[in-house]
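Q:
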Amino acid sequence: MTEFTPNGLVSLLTDFGWQDDYVGQMHAALLAVNPGLRIIDLCHAVLPGDIDSAAFLLKHDARHLPAGTVHVAVVDPGVGSERAILAARLSGCVYLAPDNGLLDPLLRKAETCEVRLLNNRELFAPEISNSFHGRDIFCPTAAKVAGGTPFEELGPVVYTWKSGDSLEPIREEEQLKGKVYWVDRFGNLITNLPAGEVEGLTIRIGRRRISPARFIAEGNSSDPVWIVGSKGTVEIIVNGGSAAKMLGIGVGHEVNACSEEG
Amino acid sequence: MTEFTPNGLVSLLTDFGWQDDYVGQMHAALLAVNPGLRIIDLCHAVLPGDIDSAAFLLKHDARHLPAGTVHVAVVDPGVGSERAILAARLSGCVYLAPDNGLLDPLLRKAETCEVRLLNNRELFAPEISNSFHGRDIFCPTAAKVAGGTPFEELGPVVYTWKSGDSLEPIREEEQLKGKVYWVDRFGNLITNLPAGEVEGLTIRIGRRRISPARFIAEGNSSDPVWIVGSKGTVEIIVNGGSAAKMLGIGVGHEVNACSEEG
Amino acid sequence: MTEFTPNGLVSLLTDFGWQDDYVGQMHAALLAVNPGLRIIDLCHAVLPGDIDSAAFLLKHDARHLPAGTVHVAVVDPGVGSERAILAARLSGCVYLAPDNGLLDPLLRKAETCEVRLLNNRELFAPEISNSFHGRDIFCPTAAKVAGGTPFEELGPVVYTWKSGDSLEPIREEEQLKGKVYWVDRFGNLITNLPAGEVEGLTIRIGRRRISPARFIAEGNSSDPVWIVGSKGTVEIIVNGGSAAKMLGIGVGHEVNACSEEG
């Protein structure tokens, strides 16, 4: 489905953090154009420049929003350079993001999608800085698309874009090789191992075997266990503690699902 | 008053923090059901699993919101286990929270209230994770209640629930024994000693006597003083500094109000 | 232009941080009065009591919001004391802030403005704490002004107020002496040197010369460069790193623009 009928919702996903005025300026840029919008701050605490983590969140979170939503994802170390900005229409939503791989996992898996190069300056702010396209390009455009500006006006259709992390585990005969994509406030280690593919397999971090549990409180405070997390993937947790601290690992660390003989 | 007429406001109080996508997903879950809602993030920085602090904030903050508000409080270490979820109607508002003591102080003090076991799965998300009921149960339900779903449809009436911290100081003959329930960004120590009950008494932390001041700027930068804080309780502050750091104490530390002879 | 027609937007700028319930209570206070308002959290992470940084953000951010917005700025170490609260009408907007210099740079540069002493208690909350006027005075008043209460009702006109940091660099014959006013999440050093005034000049921190770049990705990871930042001022950055850490400097540090002979 590549049709799009705006529902007035705009989601934001960035690495701008909460300690500056960047998120506030994005809200201002949206509401200055269209005060009736509803804004959802999906996450602003992506590690600076961490495109893969942002793609991971976007993949898992965007699907909880209804068709008609405009998703803005700005993790953009190339801001101000020649890097392009993509606008994609898929699953009834519009996505705006720099062309740096952030949208690639979504686009690759889409049954059908239309991708355009966002280059229609009439949609942007009158003055465009070289370091904050979130405020000057992404949000003014998102507000207009959410308000009814046709997707076709954003720019010309393109058929190629920068590839990015697939976000998929590597599927080998005896095992699934995944990794940690997010460490949350509680120290839970969120992996890309789909819960539906690890039945009967053993979860391992290096040589260490991680036991399964049905929910957090079934674990104890001295051993990590894994549960099916809220993203539908293997999540390693410690009941009342931090798995990240106890295991001393973080984003990018390998987590595997192996057949017991493996 | 146990009547409830929704006003379109939903308040959120959690220990999910701002560094992940959990709050964003809750907003998404609310607005996906009912895009017209107004959401108030009362606080998301409750220490992980700290039910008492959350109850303390809820008690003091919820009363500033008008009748008709739906309050969602999720500090929920038992998520996914057999623990129940409560829905309470009191003071013209509806409260949703896990049955872990979080609502107990409000319910105990309510002149009249109706408490139900939230178990009507038709109100929940189609898929329910074992670790994020905030997104899958609390918010979809809150959005529906805020949109007019009758309170009676949430589940059966219950007459008992888990008890929790009373949040009250211990009233002895010669003194009021209270404690610190919150340490804020400024290092202010917020206690549960009601300002109205400490007139003529001396505030002490251990043997140390804390002098009173009328407002922050009346203190100096080298001595803690106490003021009547914004929750109507004794608050220990240092003008231009952190009382928590200067005194080396935090949440749970005892603070007493004693008659001078005491 | 000192006319004001409310557009339903209220912006908030404070040093309350995100770790407490203070911002949530401000939202509650606004929406309790007027549930139709749209609230923009410009920034809540101003360093505690740092009036100059708040003034710097307000000066640069408020202009991105349309005429009709009510701006609330609360960095207020004197809360509860005799310090006054100002209400100013300029550029089609209304500003509320403590009289501690926060509004001074805006007022000084305004071609025309009307300033009033906010003292009409009928607009405030029924109970006023001595430590949280953001909740008890600023927000109830802002909600009413945003809802149509005439500016004239706020209090009497005043013609003097506390002066504050001019936020301007010192203009000498051979150089412009500026400083760092904000360090962002990325470690970028945001100065008050207007990009339009440094053409042909050399940017220096002490004896160290900082080379210019057009955008962040043009820099490298081992040397700071300066770009025209998103506030239109000189911003010192390290591509993929933190200029603040690499240079070991922060807010208040001097940054100069010198003619090469200077």
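So the protein sequences, as listed, match chains L, F and G. The first sequence begins at 1396 in this note's numbering and counts up by one. The second sequence begins at 1396 in this note's numbering and counts up by one. The third sequence begins at 1396 in this note's numbering and counts up by one. Positions of the beta carbon are idealized from the N, C-alpha and C atoms, including for glycine.
#1: Taking the alpha carbon of Val1510/L as the point to measure from, which residue in Val1540/L, Thr1464/L, Val1553/L and Phe1451/L has its own alpha carbon closest?
#2: So Gly1525/G contacts chain F; which residues on that side make the cut at Cβ distance below 7 Å?
#3: Within its chain, find whatever has a CB closer than 7 Å to the CB of Ala1537/L; leave out the 5 residues flanking it on each side and keep chain order.
#4: Could you list which residues in chain G have their beta carbon closer than 8 Å to that of Ala1440/F, in chain order?
#5: Using alpha carbons as the reference points, say which of Phe1399/F, Asn1429/F and Leu1518/F lies closest to Asn1402/L.
#6: Output yes if chain G places a C-beta closer than 9 Å to the C-beta of Ala1482/L; else output no.
#7: With a threshold of 16 other CB atoms inside 10 Å of the CB of Gly1657/F, please say whether the residue is buried or exposed.
#8: What is the DSSP secondary structure of Tyr1417/L, reduced to helix, strand or coil?
#9: Near Gly1475/F, what residues of its chain come up, given a Cβ to Cβ distance below 7 Å and the 5 sequence neighbours on each side ignored?
#10: Using a Cβ-Cβ distance under 9 Å, would Pro1461/F count as near chain G?
#11: Evaluate Thr1555/F with the Cβ neighbour count: other Cβ atoms within 10 Å of its Cβ, from every protein chain shown; 16 or more gives buried, anything less gives exposed.
#12: So, are the CB atoms of Lys1626/L and Gly1582/L less than 9 Å apart?
#13: For Arg1530/F, does the count of other Cβ atoms within 10 angstroms reach 16, so buried, or fall short, so exposed?
#14: Which of helix, strand or coil does DSSP assign to Arg1530/L?
#15: Could you tell me which uninterrupted alpha helix (DSSP H) segments, each at least 4 residues in length, are contained entirely in the region 1443-1506 of chain F, listed from first to last along the chain?
#16: Taking DSSP as the reference, what is the three-state secondary structure of Lys1574/F?
#17: Bridge partners for Trp1621/L per DSSP, in chain order?
#18: What did DSSP end up calling Leu1432/F once you bin it into helix, strand or coil?
#19: For the beta strand (DSSP E) containing Leu1596/F, name the first residue and the last one.
#20: Using 9 Å as the threshold, is the C-beta distance between Val1470/L and Leu1408/L below it?
#21: May I ask you to verify whether the region 1436-1450 of chain L touches the region 1559-1568 of chain L, counting CB pairs closer than 8 Å and requiring at least 3?
#22: Which word fits Lys1539/L, buried or exposed, when buried means at least 16 other C-beta atoms lie within 10 angstroms of its C-beta?
#23: Counting only beta-carbon separations shorter than 9 Å, does Arg1478/L have a partner in chain G?
#24: Once you ignore the five residues that flank Gly1636/G on each side, which residues in its own chain have a CB closer than 6 Å to its CB?
#25: Identify every residue that forms a DSSP beta bridge with Thr1409/L.
#26: Please go through the same chain and pick out, in chain order, the residues whose beta-carbon is closer than 6 Å to the beta-carbon of Ile1644/G, but skip the five residues on each side of it.
#27: Please name the residues in the region 1569-1594 of chain F whose beta-carbon is closer than 7 Å to at least one beta-carbon of chain G, in chain order.
#28: Would you report the Cα separation of Asp1494/G and Leu1642/L, rounded to the nearest angstrom?
#29: Chain F partners of Leu1426/G, CB-CB under 7 Å?
#30: Using a threshold of 9 Å, state whether the C-beta atoms of Leu1452/F and Asp1410/G are closer than that.
#31: Could you give the residue range of the beta strand (DSSP E) that holds Leu1562/L?
#32: If you drop the 5 nearest sequence neighbours on each side, which residues of the same chain put their C-beta closer than 8 Å to that of Trp1366/F?
#33: On the DSSP bridge list, what partners appear for Pro1589/F?
#34: Which residue marks the beginning of the beta strand (DSSP E) containing Ala1652/L, and which one marks its end?
#35: Does the beta carbon of Leu1452/G sit closer than 9 Å to a beta carbon anywhere in chain L?
#36: Val1646/L by DSSP, collapsed to three states: which one?
A: Put simply:
#1: Locating residue 1510/L in the first sequence gives position 115, where the first residue counts as 1. Nearest option by C-alpha distance: Val1553/L.
#2: As a first step, residue 1525/G must be located in the third sequence, where it is residue number 130. According to the sequence provided, residue 1525/G is Asn. The question's Gly does not apply to it. Going along chain F in sequence order, the residues near Asn1525/G (Cβ under 7 Å) are Arg1609, Phe1610, Ile1622 and Val1623.
#3: The residue given as residue 1537/L occupies position 142 in the first sequence. Closer than 7 Å at the Cβ level, and outside the excluded window around Ala1537/L, lie Val1405, Leu1425, Val1465, Val1467 and Leu1491.
#4: Here the question's residue 1440/F lines up with position 45 in the second sequence. By Cβ distance, chain G contributes Trp1413, Gln1414 and Asp1415.
#5: Taking the first sequence and counting its residues from 1, the one referred to as residue 1402/L is at position 7. Among Phe1399/F, Asn1429/F and Leu1518/F, the Cα nearest to that of Asn1402/L belongs to Asn1429/F.
#6: For the purposes of this step, residue 1482/L is identified with residue 87 of the first sequence, where counting begins at 1. So no, Ala1482/L is outside the interface.
#7: For the purposes of this step, residue 1657/F is taken as residue 262 along the second sequence, with counting starting at 1. Note on Gly1657/F: pLDDT 45, under 50, position unreliable in the model; the coordinate value appears next. It counts as exposed.
#8: For the purposes of this step, residue 1417/L is taken as residue 22 along the first sequence, with counting starting at 1. Reduced to three states, the DSSP call for Tyr1417/L is helix.
#9: Indexing the second sequence from 1 puts residue 1475/F at position 80. Once the five neighbours on either side are set aside, the close Cβ partners of Gly1475/F are Asn1525 and Ser1526.
#10: Against the second sequence, residue 1461/F aligns to sequence position 66. Yes - at least one Cβ of chain G is within 9 Å of the one on Pro1461/F.
#11: Within the second sequence, the letter at position 160 stands for residue 1555/F. When all chains shown are included, Thr1555/F counts as exposed.
#12: Against the first sequence, residue 1626/L aligns to sequence position 231. Against the first sequence, residue 1582/L aligns to sequence position 187. In this structure, Gly1582/L does not lie closer than 9 Å to Lys1626/L by Cβ.
#13: As a first step, residue 1530/F is located in the second sequence; it is residue number 135 there, counting from the start. Buried.
#14: Within the first sequence, the letter at position 135 stands for residue 1530/L. Helix.
#15: 1446-1456 and 1499-1504
#16: Position 179 of the second sequence, counted from the first residue, corresponds to residue 1574/F. Lys1574/F falls in the strand class under three-state DSSP.
#17: As a working note, residue 1621/L is residue 226 in the first sequence. BP columns for Trp1621/L point to Pro1607/L and Ile1631/L.
#18: For the purposes of this step, residue 1432/F is taken as residue 37 along the second sequence, with counting starting at 1. Three-state result, Leu1432/F: coil.
#19: The residue labelled residue 1596/F in the question sits at position 201 within the second sequence. Neither: Leu1596/F is in no beta strand (DSSP E) and is coded neither H nor E.
#20: Within the first sequence, numbered from 1, the residue matching residue 1470/L stands at position 75. Within the first sequence, numbered from 1, the residue matching residue 1408/L stands at position 13. Contact flag set, yes.
#21: yes
#22: To locate residue 1539/L, count along the first sequence from 1; it is residue 144. With 16 or more Cβ atoms within 10 Å of its Cβ, Lys1539/L is classed as buried.
#23: Within the first sequence, the letter at position 83 stands for residue 1478/L. Closer than 9 Å to some Cβ of chain G, the Cβ of Arg1478/L qualifies, so yes.
#24: The residue you call residue 1636/G lines up with position 241 of the third sequence. Excluding positions up to five away in sequence, the list reads Ser1616.
#25: Counted from its first residue, the first sequence places residue 1409/L at position 14. Answer by DSSP bridge pairing, in chain order: Val1469/L.
#26: Counting from 1 along the third sequence, the entry for residue 1644/G is found at position 249. Excluding residues within five positions, none has a Cβ falling inside 6 Å.
#27: Asp1579, Arg1580 and Phe1581
#28: The sequence position of residue 1494/G within the third sequence is 99, counting from 1. The sequence position of residue 1642/L within the first sequence is 247, counting from 1. Going from the Cα of Asp1494/G to the Cα of Leu1642/L covers about 52 Å.
#29: As a first step, residue 1426/G is located in the third sequence; it is residue number 31 there, counting from the start. Simply Leu1404, Arg1433 and Ile1435.
#30: What you label residue 1452/F is simply residue 57 of the second sequence in a count that begins at 1. What you label residue 1410/G is simply residue 15 of the third sequence in a count that begins at 1. No, the pair does not count as a contact, with Cβ atoms beyond the cut-off.
#31: Position 167 of the first sequence holds residue 1562/L. Here Leu1562/L belongs to no beta strand (DSSP E), and DSSP marks it neither H nor E.
#32: Residue 1366/F lies beyond the range of chain F shown here (1396 to 1657); nothing can be said about it.
#33: Counted from its first residue, the second sequence places residue 1589/F at position 194. BP columns for Pro1589/F point to Thr1628/F.
#34: In the first sequence, the residue the question calls residue 1652/L occupies position 257. Looking at the DSSP string, the run of the beta strand (DSSP E) that includes Ala1652/L is Glu1649 to Cys1653.
#35: For the purposes of this step, residue 1452/G is identified with residue 57 of the third sequence, where counting begins at 1. Cβ-Cβ to chain L under 9 Å: yes for Leu1452/G.
#36: As a position in the first sequence, residue 1646/L is number 251, starting the count at 1. Three-state result, Val1646/L: coil.
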